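*Asks:* One structure, as structure tokens, below. Some questions next.
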Amino acid sequence: GSLKNSRKISPQEFIQDLKSGSTDERLVTCLESLRVSLTSNPVSWVENFGREGLGLLLDVLERLVETRNQDRVVKKSQHKVIQCLRAFMNNKYGLERILGEERSLLLLTKAIDPRQTSMMTDIVKLLSAMCIVGEENILEKILEAVTAAAEERNVDRFSPIVEGLQDNSVQLQVACMQLINALVTSPDDLDFRLHIRNEFMRSGLKEILPQLQYIKNEALDIQLKVFNEHKEEDMIEFSHRLEDIRSELEYPFEGQYDLLKDTSAEGYFLSILQHLLLIRNDYFIRPQYFKLIEECVSQIVLHRSGTDPDFTYRKRLDIDFSHLLGKYYYGSVPPGFLPSPCGDASVVPLEGAGPHHFPPPPPPPLPSNGAIPPPPPPPPPPPLLSSLGAPLGFGGAPPPPPLPGLPGMQWSPPSCALPFGLKPKKEFKPEVTMKRLNWSKIRPQEMTESCFWVKAEEDKYENADMLCKLELTFCCQKREEDDFEEKKSIKKRIKELKVLDPKIAQNLSIFLGSFRVPYEEIKMMILEVDETQLSESMIQNLIKHLPEQEQLNALSKFKNEYNNLSEPEQFGVVMSNVKRLRPRLSAILFKLQFEEQVNNIKPDIMAVSAACEEIKKSKSFSKLLELVLLMGNYMNAGSRNAQTFGYNLSSLCKVSFEMSILILRFTFCFYYAT
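Residue 1268 in this note's numbering sits at position 513 of the sequence shown, and the numbers go up by one each step.
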């Protein structure tokens, strides 16, 4: 290959060198020269090289990755290729070309090797950058490549990345955390973010994170902070969802009404209810029908594959209900019915079984392996249902009359007279989905006549500009972040230990050395709660440095080797005989601090009492409560907390928190910029 000044070498010369197929030191020299040229030459030079050279670089990388004998030259050449690719994609053209090559991501993930620290650092940095600034579906492509590479190695797909965190190189640890954050925070869907994060945790990240907290490095601290903040944010969002689900399960009909009202699914839901009205009015038969229907619905909604059914499939869904039919029908066939000779799930009436016998119409296709024909068709319905867009699908039978109390297909939940002259709250319909205010709703029936919410007049503050600003500021598409304190410690080591962690043993040794009291005496002080010798600082430090109960239990097995143990572990052997040691120490500390704590909180209690009196008399605070009620009803439109008459004051803390984390938001790119 050519060894001229890299700035003067043409792209064609590098292409010829790469085509030579060499794998010795000449390839290393060529790749190093190419890296310098890609870094120092203008984009036009990179474009000329990229037309043919990018494919050759990937060919070289593929050949090196597949080489069985991974000697020093091969590993060094691999790293040089990665550096060339990194320099090549350091511009818009190069990034687009790399992302356009289908095999590029797979080769990069195949080259990940925790044993080659420097090369792996460059690779995970490349993948992180692609994940952040790449195209919309880049996350899916990266995950596919990571999965394919892991399947070839027969390992968990994220285990190589997590293994990189165990390396002593802080640069590699920072790069791996950058990639983890990029993969975990990129998806818009909460379920997918939780899935990716939990998979990393199962791959060993859960055990490694506490160890990373001890490393003093600003860049690593930033990445750990990003990970923890997004994790906490997702857990808050997930808890809100669970709260909504719990409420919907408590009031399912009202929840379905709110969910389907004025949507295209409303007609289908009405059709389902009308079909249910056709179930034969028999005290013993009706429960069997509903058991079967419940099983059918649950198997369709909670499909065993974990995926949605094929909604374009218009025949029968491939779901086996035969065991249900055997359980609910064949075991207890009601008088007047026999199993259908067709072998499917239908049930036909016996001829002459009742005074009214009609031949069953041919069953329409239903989303199951069987269908139950309806009883005799009802009288023709009123003209109201002629506009219903959803066919009932009952073999040509005319649709039944609408449900009572549901004129015009517009439902309304049962209404109760509002007490104390309260008027129904205005129903808002924002243009976008709003962030919910998770307040504790007070129902009108729970209020008293002197309650503040009876007199609240929040409507007077309503104006279009304020509501528009609410939509812009608190729509659900925005990601919010809140600050959390990180804990920092110094990593210390100690040798010749049997059970204890080196850091715990080191700190415990320092603590014991400061007291110079025999271990048995310390034990007796604790058992006797000797306040003359036990000080507050001593108990605090003992709680802080005391090994976990599992470690104390393990140390108790070394009683016969007491003299061969280090001092911290000897102390652990002595203290292992004290039952419920940690709760006992906490109780002693509380007793020692009790008088001081009482004196400290007295002024606060008096101040809070005075503040409460001021707040009760404050007109400004009353206006604030009314404003929050107005904005909350607007933001909660369409949810279970809509049209609320009042809320518990404790909800203001949640409101304040949710507002602040939306306004004071930091993006993931900010952390990269720092």
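Yeah, the Cβ is synthetic: ideal placement off N, Cα and C, and Gly gets one too.
Values in this document were obtained by computation on a predicted structure and should not be read as measured data.
May I ask you to report which of helix, strand or coil DSSP gives Met1202?
*Replies:* coil
*Asks:* In three-state terms, what does DSSP make of Tyr1038?
*Replies:* coil
*Asks:* According to the neighbour-count rule (16 or more other Cβ atoms, all chains shown, within 10 Å of its Cβ), is His834 buried or exposed?
*Replies:* buried
*Asks:* Give a yes or no on whether the C-beta atoms belonging to Leu1336 and Glu1291 are separated by under 8 Å.
*Replies:* no
*Asks:* State whether the stretch 770-783 contacts the stretch 814-823, with contact taken as three or more CB pairs (one from each stretch) at a distance under 8 Å.
*Replies:* yes
*Asks:* Quick test of your reading: Glu1381 and Glu1186, contact by CB under 8 Å. State the CB separation rounded to the nearest angstrom.
*Replies:* Going by Cβ atoms, the distance from Glu1381 to Glu1186 rounds to 24 Å, so no, they are not a contact pair.
*Asks:* Can you list, in chain order, the residues of its chain with a C-beta nearer than 7 Å to that of Pro1199? Leave out the 5 residues immediately preceding and following it.
*Replies:* Leu1173, Pro1174, Leu1177 and Phe1400
*Asks:* Go through its chain and collect everything with a Cβ distance to Thr794's Cβ below 7 Å, but skip five positions before and after it.
*Replies:* Ala842
*Asks:* Would you mind working out which of Lys1253, Glu1283 and Leu1263 sits nearest Glu1316, comparing C-alpha positions?
*Replies:* Lys1253
*Asks:* Quick check: the stretch 823-834 against the stretch 845-861, are there 3 or more CB pairs under 8 Å?
*Replies:* no
*Asks:* Taking contact to mean 3 or more Cβ pairs, one atom from each stretch, closer than 8 Å, check whether the stretch 868-878 and the stretch 916-928 are in contact.
*Replies:* yes
*Asks:* Any contact between the stretch 1279-1288 and the stretch 1212-1222? By contact I mean 3 or more CB pairs, one from each, below 8 Å.
*Replies:* no
*Asks:* Which whole runs of the beta strand (DSSP E) in the stretch 802-838 are 3 residues long or more, in chain order?
*Replies:* none
*Asks:* Counting only runs of 4+ residues fully inside the stretch 938-976, write out the alpha helix (DSSP H) ranges in chain order.
*Replies:* 945-955 and 961-967
*Asks:* Buried or exposed: which applies to Gly1268, given that a residue is buried once 16 or more other Cβ atoms fall within 10 Å of its Cβ?
*Replies:* With fewer than 16 Cβ atoms within 10 Å of its Cβ, Gly1268 is classed as exposed.
*Asks:* When the Cβ atoms of the stretch 953-973 are set against those of the stretch 909-918, are three or more pairs found closer than 8 Å?
*Replies:* The stretch 953-973 is in contact with the stretch 909-918.
*Asks:* Could you check how far apart the C-beta atoms of Thr778 and Ser832 are, in whole angstroms? I think they sit under 8 Å.
*Replies:* 7 Å
*Asks:* Anyone know if the C-beta pair for Leu1347 and Ile1294 falls short of 8 Å?
*Replies:* yes
*Asks:* Check whether the Cβ atoms of Leu1384 and Tyr1402 sit closer than 8 Å, and answer yes or no.
*Replies:* In this structure, the beta-carbon distance from Leu1384 to Tyr1402 falls below 8 Å.
*Asks:* Go ahead and pull the three-state DSSP assignment for Lys1046.
*Replies:* helix
*Asks:* Could you tell me the alpha carbon to alpha carbon distance between Val1209 and Glu1226, rounded to whole angstroms?
*Replies:* Distance between the alpha carbons of Val1209 and Glu1226: 27 Å.
*Asks:* Find the nearest neighbour of Met1390 within the set Ser1405, Phe1229, Glu962 and Thr864, judged by alpha-carbon distance.
*Replies:* Looking from the CA of Met1390, the closest CA among Ser1405, Phe1229, Glu962 and Thr864 belongs to Phe1229.
*Asks:* Suppose contacts are defined by Cβ-Cβ distances below 8 Å. Is Phe1008 in contact with Ile935 by that definition?
*Replies:* no
*Asks:* Closest to Glu1275 by C-alpha separation, out of Ser1264, Asn1396, Ser1331 and Ala866, would be which residue?
*Replies:* Ser1331
*Asks:* Just to confirm the assignment, what range does the alpha helix (DSSP H) spanning Ala1397 have?
*Replies:* Element bounds for Ala1397: n/a, residue is neither H nor E.
*Asks:* Which stretch, first to last residue, makes up the alpha helix (DSSP H) that contains Tyr1274?
*Replies:* Tyr1274 to Glu1283
*Asks:* Going by Cα to Cα distance, which pick from Thr864, Asn803 and Glu802 is closest to Glu821?
*Replies:* Thr864
*Asks:* In this structure, what does DSSP give as the bridge partners for Glu1189?
*Replies:* One detail in the question is off: residue 1189 reads as Met in this sequence, not Glu. In DSSP, Met1189 forms a bridge with Cys1230.
*Asks:* Excluding the 5 residues preceding and the 5 following Leu1340 in the sequence, name in chain order all residues of the same chain whose CB lies nearer than 8 Å to its CB.
*Replies:* Ile1281, Ile1294, Leu1297, Ile1298 and Leu1301
*Asks:* So Gly1176 is in the alpha helix (DSSP H); what residue range does that whole segment cover?
*Replies:* Note, Gly1176: premise wrong, no alpha helix (DSSP H); not H, not E.
*Asks:* Quick one: what does DSSP say Lys1253 is sitting in, helix, strand or coil?
*Replies:* Three-state result, Lys1253: coil.
*Asks:* Could you pull the DSSP bridge partners for Lys1196 from this structure?
*Replies:* Answer is Tyr1402.
*Asks:* Leaving out five residues on either side along the sequence, give the residues of the same chain with a beta carbon under 6 Å from the beta carbon of Ile887.
*Replies:* Within its own chain, the residues whose Cβ lies closer than 6 Å to the Cβ of Ile887, once the five positions on either side in sequence are excluded, are Ala937, listed in chain order.
*Asks:* Are the CB atoms of Leu861 and Ala900 nearer to each other than 8 Å?
*Replies:* With a cutoff of 8 Å on beta-carbon distance, Leu861 and Ala900 are scored as near each other.
*Asks:* Determine the direct distance from the alpha carbon of Leu1031 to that of Tyr1038, and round the result to whole angstroms.
*Replies:* For the pair Tyr1038 and Leu1031, the Cα-to-Cα distance works out to about 15 Å.
*Asks:* Could you check if Lys1215 is buried or exposed, using at least 16 other CB atoms within 10 Å of its CB as the buried criterion?
*Replies:* exposed
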